[in-house]
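K.L.:
Input: one structure, supplied below.
Residue numbers (the working numbering): 480 to 579.
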């Protein structure tokens, strides 16, 4: 069984994303939590790996308006602050479970 394989990904409301994993685990992410850990080149320096976007600057009421699959390995999100360049691989999502 692949721990990093989602069975269901859904927006439960504009501020929450829920994932049901193949191993039975469930994860709920707020839009602010996902925006705060965004792994894109605009948020993380590709050379140094240093986070350039301050997660503390993300408003708690942030929402996301779109979730789309990127191949068979990731999702991309559109956030209400205009940010939309992050690709969130399934393994990254599971490894960044905010309640784990």
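The beta-carbon is built from N, C-alpha and C at its ideal position, and this holds for glycine as well.
#1: What is the DSSP secondary structure of residue 574, counted as helix, strand or coil?
#2: Once you ignore the five residues that flank residue 576 on each side, which residues in its own chain have a CB closer than 7 Å to its CB?
#3: Assuming the contact rule is C-beta atoms closer than 8 Å, residue 518 and residue 571 should be a hit. Round their C-beta distance to whole Å, please.
#4: Can you say whether residue 515 is buried or exposed, counting buried as having 16 or more other CB atoms within 10 angstroms of its CB?
#5: Do residue 500 and residue 486 have their C-beta atoms within less than 8 Å of each other?
#6: For residue 508, list the residues DSSP reports as bridge partners.
#7: Is the beta carbon of residue 549 closer than 8 Å to that of residue 556?
P.N.:
By the coordinates alone:
#1: For the purposes of this step, residue 574 is taken as the residue at position 95 of the chain shown. Note: residue 574 maps to helix in three-state DSSP.
#2: Sequence index remark: in the chain shown, residue 576 carries index 97 (1-based). Answer for residue 576: 506, listed in chain order.
#3: Your numbering for residue 518 matches position 39 in the chain shown. Your numbering for residue 571 matches position 92 in the chain shown. Residue 518 to residue 571, Cβ: 6 Å. Contact.
#4: To locate residue 515, count along the chain shown from 1; it is residue 36. Buried: at least 16 other Cβ atoms inside 10 Å.
#5: As a first step, residue 500 must be located in the chain shown, where it is residue number 21. As a first step, residue 486 must be located in the chain shown, where it is residue number 7. Yes, the Cβ-Cβ distance between residue 500 and residue 486 is below 8 Å.
#6: Your numbering for residue 508 matches position 29 in the chain shown. Beta-bridge pairing links residue 508 to 496.
#7: Within the chain shown, numbered from 1, the residue matching residue 556 stands at position 77. Within the chain shown, numbered from 1, the residue matching residue 549 stands at position 70. No, they are not a contact pair.
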